[in-house]
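Worksheet for the structure shown next.
In our numbering, the protein residues as written are 32 to 553.
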């Protein structure tokens with residue numbers, strides 16, 4: 032009897048501990064999601080302010096030049112999506128087991144690797160400084176373009192190499208909200224200072240130099256936090272390589288960067304800087320919406336990674352089903368609204384800028400469709416990365432890139448912006464379908480019909496939203512008029528999606544309602 036009583040007490044104690052851990056995990060997820068939404072809201076607003084100022088004060092050619100340089104430098108900024116994802120997935124298990132020795136080994140190996148990559152990319156930047164200005168000699172002085180590349184690259188190196196390892200550590204520990212707070216503050220500070228510098232009539236070189244100086248503070252603050260909160264042994268000995276598949280992660284990263292850079296690079300080489308500027312203005316909106324959608328999933332990768340590390344596959348399947356439905360619903364509402372509102376917004380945003388034609392409705396729709404396709408893959412890609420399946424999926428990344436480059440180059444001469452948008456959509460649609468198939472067969476093991484069921488509901492929802500919002504139009508080209516139209520379109524879209532989901536996914540809608548009530552009651 033005494034043994035049974037002790038056993039009962041121990042079991043109850045373990046249940047309490049598990050419940051506390053789950054609550055802590057959910058609390059971290061809430062913090063991460065909330066701060067991610069705030070950061071994306073702030074960065075989206077700030078992201079519209081500065082390009083508009085640049086267009087007004089420096090013109091479309093400078094804006095196009097900046098967009099072109101940023102794309103060529105994206106080898107630096109997107110590194111965390113490649114090797115960073117591998118490092119983060121490797122950290123889930125030791126952090127879950129509180130094995131700081133193994134975590135220290137992973138971080139030390141990651142630091143060595145990133146230093147090597149930084150050296151290679153430094154050579155790349157030097158090459159870019161030497162050769163890229165040659166392509167723009169007809170419009171800009173060689174020294175001006177070279178200095179602009181050098182100044183912009185400083186901010187990227189500061190952000191992604193001096194602090195990326197610390198950022199990956201706290202992300203894997205489900206504390207992404209820490210660096211999101213730092214990023215939000217620096218983005219606001221950068222916007223205020225750059226705006227003042229532009230209004231004071233300073234050169235674009237000084238404006239971008241101020242950004243580089245501000246962004247250096249990010250890794251410094253992050254380093255101080257990690258030193259105080261984590262017991263990392265920097266002198267730990269590496270008996271063997273603790274990070275598996277990092278070169279496969281790098282290969283996927285390169286493919287991802289080439290994919291994201293293809294459109295602007297093709298336009299830079301085969302079209303005009305004015306077209307690059309037009310593309311960048313529309314991409315500013317679609318990328319902003321993509322970031323807002325992805326902010327709803329901030330922290331989920333580490334959450335999924337913890338489940339996989341603890342072999343909780345049934346729980347993973349159940350949680351993933353809800354996340355999949357949520358992302359599909361958010362994508363439908365956000366991107367259908369974007370397709371309706373993007374051209375009127377750009378017309379207002381570029382009012383007074385007459386050196387390029389920014390009215391391109393067909394291009395806007397195709398670019399929005401491509402961005403929506405990319406956003407739909409987020410939950411599937413997230414679980415694949417959390418499981419560490421980089422080598423197994425790298426061939427699809429290469430095929431996606433080849434499709435985009437080949438189609439864009441073939442169509443850009445005849446169709447211009449529309450040609451590159453077609454190439455982007457086809458390549459992104461291919462890999463989204465690939466991710467769905469791979470996840471269903473190799474990780475979650477479920478029927479692929481579930482995905483196509485979501486797509487059919489998505490198409491029905493989009494058709495009903497377009498029909499239901501057809502009565503709305505922008506009577507005057509003002510931000511207030513556009514905002515009023517946007518509210519009407521959003522409310523109608525939301526009501527339509529709720530009605531359709533009540534018919535097809537009532538269970539998930541009830542779960543979503545319950546979660547919202549629980550959050551507010553807490």
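Quick reminder that beta carbons are idealized off the backbone N, C-alpha and C, glycines included.
None of the values given here were measured: they were computed from a predicted structure.
DSSP places residue 265 in no alpha helix (DSSP H); its state is neither H nor E. When the alpha-carbon of residue 383 is set against those of 508, 63, 446, 484, the nearest one is in 508. Across the set 488, 482, 429, 248, the C-alpha of 429 shows the shortest separation from the C-alpha of residue 459. Residue 517 and residue 360 have their C-alpha atoms spaced approximately 18 Å apart. Between residue 470 and residue 414, the gap from beta carbon to beta carbon is short of 8 Å.
Considered as a whole, the region 495 to 541 harbours 510 to 535 as its complete alpha helix (DSSP H) runs of no fewer than 4 residues, in chain order. Residue 140 and residue 263 have their C-alpha atoms some 13 Å from each other.
The DSSP-derived three-state label of residue 389 is coil. Counting the other CB atoms within 10 Å of its CB gives residue 71 a total of 16 or more, which places it among the buried residues. The DSSP assignment places 392 to 407, 409 to 417, 425 to 446 as complete runs of the alpha helix (DSSP H) inside the region 391 to 453, in order along the chain (cut-off: 4 residues). DSSP places residue 239 in the uninterrupted alpha helix (DSSP H) bounded by 235 to 246. Rounded to the nearest whole angstrom, the CA to CA distance from residue 63 to residue 207 is 6 Å.
Relative to the Cα of residue 434, the nearest Cα in the group 347, 447, 453 belongs to 453.
The beta carbon of residue 248 sits closer than 7 Å to those of 217, all from its chain and outside the five residues before and after it, given in chain order.
Pairwise C-beta distances place the region 74 to 84 in contact with the region 226 to 233, as three or more of them are shorter than 8 Å. Contact between the region 312 to 319 and the region 372 to 387 is established, with three or more Cβ pairs separated by less than 8 Å. In terms of CA proximity to residue 351, 474 leads the group 90, 510, 474. At least 8 Å separates the beta-carbon of residue 472 from that of residue 405. The alpha-carbon of residue 201 is positioned some 43 Å away from that of residue 443.
With 16 or more other Cβ atoms from the protein chains shown falling within 10 Å of its own Cβ, residue 485 counts as buried. Boundaries for residue 167: no alpha helix (DSSP H) harbours it, and the DSSP string shows neither H nor E there. Cβ-Cβ distances below 8 Å link residue 462 to 408, 427, 428, 430, 431 in the same chain, with the five nearest sequence neighbours on each side left out; the list follows chain order.
The criterion of a C-beta distance shorter than 8 Å is satisfied by residue 182 and residue 243.
Residue 353 is positioned such that its CB atom lies closer than 8 Å to that of residue 539. Within the model, the alpha-carbon separation for residue 397 versus residue 448 is close to 10 Å. Of the residues assessed, residue 213 falls on the buried side of the cut-off, its CB having 16 or more other CB atoms within 10 angstroms. Between the C-alpha atoms of residue 194 and residue 306 there is a straight-line separation of about 35 Å. Contact between residue 138 and residue 203 is ruled out by a C-beta separation of about 10 Å, above the 8 Å threshold. CA-CA distance, residue 255 to residue 199, rounds to 15 Å. Contiguous alpha helix (DSSP H) elements confined to the region 304 to 384 occur at 304 to 326, 331 to 340, 344 to 380, taking only those with 4 or more residues. Taking all protein chains in view, the Cβ of residue 238 is crowded by 16 or more other Cβ atoms within 10 Å, so the residue is classified as buried. Shown here, residue 198 sits in a helix according to DSSP, grouped into three states. With contacts defined by Cβ atoms closer than 8 Å, residue 223 and residue 142 do not form a contacting pair. With contacts defined as CB atoms closer than 8 Å, residue 304 and residue 170 qualify as a contacting pair. Note on geometry: alpha-carbon atoms of residue 392 and residue 92 lie some 22 Å from one another. With respect to the C-alpha of residue 149, the residue from 67, 381, 185 having the closest C-alpha is 185.
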